[in-house]
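At position 15 of the sequence shown the residue is numbered 40 (the working numbering), and the sequence of numbers has no breaks.
Glycine included, every Cβ here is placed at the ideal spot set by N, Cα and C.
If you're wondering where the values come from, they're calculated on a predicted model, not measured in any experiment.
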Amino acid sequence: MEEYFHIIFRTCFLYVFIIIVFRLMGKREVGELSVIDLVVFVLIAEVAAFALDDYKNPLFNAILPIIVLLFIQILSAFLSLKFKRIRDLVDGDPALLIKDGVILESEMRKHRYNLDDLCQQLRENGIASVTDVAFAYLEPSGNLSVYKKDEKSFVYPLIIDGDIQERHLFTMHKDVEWLMGELAKNNITDSETVFFCIWEDNKLHIQLKET
């Protein structure tokens with residue numbers, strides 16, 4: 026009976042403890058988990074499994090690694106929030122797979138994304154033919170963001186947390202010099218001061234960083 030009591034106690038304790046740990050990590054949908062999130066979650070599951078498997082092992086030996094993993098995840102989330110380059114390194118950038126109805130084969134190969142997956146996600150977006158697509162981006166989450174040719178306007182993120190998105194400028198057939206000229210019209214001389222800037226309805230929408 027004592028053995029069963031230890032197992033039940035450990036199970037209940039770890040259940041509540043891991044829920045608290047996940048709440049401290051922040052709210053993210055499963056499809057939006059980064060590589061670090063997935064690694065941390067898998068390791069926590071393994072640590073909990075070992076703790077339940079060997080009830081004679083001190084419970085603290087399971088709690089300590091989970092707390093360390095919690096701090097690793099919080100630190101990585103903080104660094105990703107503060108530094109976009111780290112965020113891009115961890116999560117990756119969206120990849121342009123279709124442009125003006127043409128599938129970019131090199132990008133498909135680069136991301137090991139096959140035509141069956143592409144066609145499936147196009148159907149899920151209500152797209153019958155690739156020729157109807159103006160742009161299709163493979164997001165870091167694995168979802169496909171699709172813009173149809175018949176849509177009146179597109180939204181292009183041009184600056185994110187001070188970092189100029191040159192791939193979106195390329196898609197618009199513009200360059201950094203053009204963007205800086207547009208910022209100058211709004212009395213902005215340094216892109217680092219811009220928190221978020223998008224091109225929508227043929228004009229810039231700019232939000233500066235908080236001082």
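May I have the straight-line CA-CA distance separating Y172 from E149, to the nearest angstrom? The residue given as residue 172 occupies position 147 in the sequence shown. The residue given as residue 149 occupies position 124 in the sequence shown. Cα to Cα, the separation comes out at about 13 Å.
Does E164 come out as helix, strand or coil in the three-state DSSP assignment? Position 139 of the sequence shown, counting from 1, holds the residue named residue 164. In this structure, E164 counts as coil in the three-state DSSP scheme.
Under 8 Å Cβ to Cβ from L129, same chain only, skipping five residues before and after it: list those, please. Here residue 129 refers to the residue found at position 104 of the sequence shown. These residues qualify, in order along the chain: L121, L122, I123.
Given a cut-off of 9 Å on the beta-carbon distance, is the pair V180 and E191 in contact? Here residue 180 refers to the residue found at position 155 of the sequence shown. Here residue 191 refers to the residue found at position 166 of the sequence shown. Contact flag unset, no.
Reduced DSSP category for S101 - H, G, I as helix; E, B as strand; rest coil: Within the sequence shown, the letter at position 76 stands for residue 101. Helix, per DSSP.
Which of the three DSSP states is assigned to D62 in this structure? Sequence index remark: in the sequence shown, residue 62 carries index 37 (1-based). In this structure, D62 counts as helix in the three-state DSSP scheme.
Let's test the definition: count the other Cβ atoms within 10 Å of the Cβ of Q146 and tell me whether it reaches 16, buried, or not, exposed. To locate residue 146, count along the sequence shown from 1; it is residue 121. Looking at its Cβ environment, which holds 16 or more other Cβ atoms inside 10 Å, Q146 is buried.
Just how far apart, CA to CA, sit D157 and D142? Your numbering for residue 157 matches position 132 in the sequence shown. Your numbering for residue 142 matches position 117 in the sequence shown. The straight-line gap from Cα to Cα measures roughly 17 Å.
In the DSSP assignment, find the unbroken alpha helix (DSSP H) run with H193 in it and report its ends. Locating residue 193 in the sequence shown gives position 168, counting from the first residue. Segment 191 to 196, the alpha helix (DSSP H) holding H193.
L121, enclosing beta strand (DSSP E) - first and last residue: Within the sequence shown, the letter at position 96 stands for residue 121. Here the beta strand (DSSP E) through L121 covers 120 to 124.
Determine the direct distance from the alpha carbon of L94 to that of G151, and round the result to whole angstroms. Counting from 1 along the sequence shown, the entry for residue 151 is found at position 126. Counting from 1 along the sequence shown, the entry for residue 94 is found at position 69. Roughly 41 Å separates the two Cα atoms.
Just grab the DSSP bridge partners of E225 for me. Your numbering for residue 225 matches position 200 in the sequence shown. Bridge partners of E225: K228.
By the three-class DSSP mapping on this structure, what secondary structure does A153 have? In the sequence shown, counting from the first residue as 1, residue 153 sits at position 128. DSSP places A153 in coil when its eight states are reduced to three.
For F30, which of helix, strand or coil comes out of DSSP? Here the question's residue 30 lines up with position 5 in the sequence shown. Note: F30 maps to helix in three-state DSSP.
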